[in-house]
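Asks: Can you read through this structure? Questions will come right after.
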Ligand SMILES: Cc1ncc(COP(=O)(O)O)c(C=O)c1O
């Protein structure tokens, strides 16, 4: 008998992920199906990626047409999809320029380099300190990992990029103590994702903005997980009335294909010159066509309004479950964390048997990130099933 896919994966793929014990073969809207024909309501959306769900016809057509017309050229040549996507991103945000990358972590790496060069060119060589916050997650590459205050992730790989200071999240007084004349850039997730679905407070964000302005430091928003309509606004920062100097975007932007983007103002952009940074694949025609489709759709006011409405519905239904061991339900739009006083792994596992995909954010937070096109009926179905799971697991 031939090896199963999990066996083959274990044999040939480096084992850096804990995987669910089934093989997904197909997806349609907010539903995925495994190799046994069992369907699951997908409330993970590939960790905040599949905003338009699976197999969206417009996205599939755009990608197929572009691949058939021109698949890859590299950045030594112009291509229309890249220029058009950059224009769209700038029109729809604070930004004047875009640098394209291939993942979230790469977009963070680019922001680190741009900040370092901006500080050096503007103020001289001493201003290199980077500030990030407890609970934040910025990625697994060397620089992004240095900004991710998680001992377990960092310890095996030290020494990391030097010059990073951490402060407690949402603590304006602590921010005053760490942001100073040597600070080059401050990285903030407006809604922390991996850290447990924690929105920033407006007061904290305003303080950090003021401190960055006072000391000539750049404020970088990491909207890799919370951007692209996930919170009911196109960008999560719109909830808080504070704008960044740079912003990283990835995940949902590609609609399932890999992309990262670092958005910046002209003030920062003007320090970067030809040859300072680059990537072979980044900003290719296919991914940029895909991203245009996603961005055009999720930025429509009606689309964003329905994300907000469905987020409210999901929260209401979650409250109505009167779940045992519940600590808090929090989040914005369709980025919702349900914190319990127990580990949520058994709930996620039971979800597999019941046909729902969920993920966690830390051991005790159930993280709900359905595709933004999830229907009200699917939200009702999901919460009914979750009620059953809670009862079976904890009563
Ligand atoms: C806020 C945030 N930043 C950065 C990253 C890293 O993105 P990627 O996995 O595409 O490298 C993630 C991924 O989960 C994230 O949630």
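Numbering (our numbering), first residue to last: 4 to 398. Quick reminder that beta carbons are idealized off the backbone N, C-alpha and C, glycines included. Note that the structure is a prediction, hence the values are computed from the model and not measured.
1. Against chain C, does residue 379 count as a neighbour if the rule is that its beta carbon must be under 7 Å from one of theirs?
2. Leaving out the 5 sequence neighbours to the left and right, which residues in its chain are closer than 6 Å to residue 82 when beta-carbon positions are compared?
3. Under 6 Å from any heavy atom of ligand 1, does the C-beta of residue 3 make it?
4. Leaving out the 5 sequence neighbours to the left and right, which residues in its chain are closer than 8 Å to residue 31 when beta-carbon positions are compared?
5. Should residue 192 be counted as a contact of ligand 1 given a C-beta to heavy atom distance under 6 Å?
6. Which same chain residues, not among the five before or five after residue 168, have their C-beta less than 7 Å away from its C-beta?
7. Please list the segments of the alpha helix (DSSP H) lying wholly inside the region 164–246, counting only runs of 4 or more residues, in order along the chain.
8. Using 7 Å as the threshold, is the C-beta distance between residue 385 and residue 46 below it?
9. According to the neighbour-count rule (16 or more other Cβ atoms, all chains shown, within 10 Å of its Cβ), is residue 155 buried or exposed?
10. Would you identify the three-state DSSP class for residue 6, choosing helix, strand or coil?
11. What residue range is occupied by the uninterrupted beta strand (DSSP E) comprising residue 273?
12. Can you tell me whether residue 333 is helix, strand or coil according to DSSP?
13. For residue 140, verify whether its CB is less than 6 Å away from any heavy atom of ligand 1.
14. For the region 243–259 against the region 214–227, are there 3 or more C-beta pairs whose distance is under 8 Å?
15. On the three-state DSSP scale, how would you describe residue 153?
16. Since residue 338 is in the beta strand (DSSP E), which residue starts that stretch and which ends it?
17. Using only alpha-carbon positions, find the residue among 205, 261, 392, 122 that is nearest to residue 324.
18. Kindly provide the ranges of any alpha helix (DSSP H) runs that are 4 or more residues long and lie completely inside the region 86–148, ordered along the chain.
19. Under 6 Å: does the beta carbon of residue 253 sit that close to some heavy atom of ligand 1?
20. Taking the C-alpha atoms as reference points, what is the distance between residue 292 and residue 304?
21. Would you list the residues sitting across from residue 45 in a DSSP beta bridge?
22. Could you tell me if the beta carbon of residue 74 falls within a distance shorter than 6 Å of some heavy atom in ligand 1?
23. Pick from 211, 260, 19, 121: whose alpha carbon is nearest that of residue 243?
24. Could you tell me whether any non-hydrogen atom of ligand 1 is closer than 6 Å to the CB of residue 115?
25. In three-state DSSP terms, what is residue 266?
26. Could you say which of 184, 17, 254 lies nearest to residue 125 if we only look at CA atoms?
27. Any chance the region 364–379 sits against the region 326–345, with 3 or more Cβ pairs inside 8 Å?
28. Is there at least one non-hydrogen atom of ligand 1 closer than 6 Å to the beta-carbon of residue 227?
29. Roughly how many angstroms lie between the CA atoms of residue 147 and residue 93, to the nearest whole one?
30. Counting C-beta neighbours from all protein chains within 10 Å, is the total for residue 307 16 or more, i.e. buried, or is it exposed?
31. Sorted by chain position, which residues of the same chain lie with C-beta nearer than 8 Å to residue 129's C-beta, five sequence neighbours on each side aside?
32. Alpha carbon to alpha carbon, how far is residue 97 from residue 208?
33. Under the rule that 16 or more other beta-carbon atoms within 10 Å means buried, what is residue 309, buried or exposed?
34. How long is the line joining the alpha carbons of residue 108 and residue 66, rounded to whole angstroms?
35. Would DSSP call residue 2 helix, strand or coil?
Replies: By the coordinates alone:
1. No chain C is part of this structure, which consists of one protein chain only.
2. 76, 288
3. Absent from the model: residue 3. The displayed extent of the chain is 4 to 398, so no value can be given.
4. 56, 57, 58
5. yes
6. 132, 134, 181
7. 175–181, 205–218
8. yes
9. exposed
10. coil
11. Run containing residue 273: none; DSSP gives neither H nor E here.
12. strand
13. yes
14. yes
15. coil
16. 338–343
17. 392
18. 107–126
19. yes
20. 21 Å
21. 360
22. no
23. 211
24. no
25. strand
26. 184
27. yes
28. yes
29. 24 Å
30. buried
31. 185
32. 16 Å
33. buried
34. 24 Å
35. No answer is possible for residue 2: the residues shown for the chain start at 4 and end at 398.
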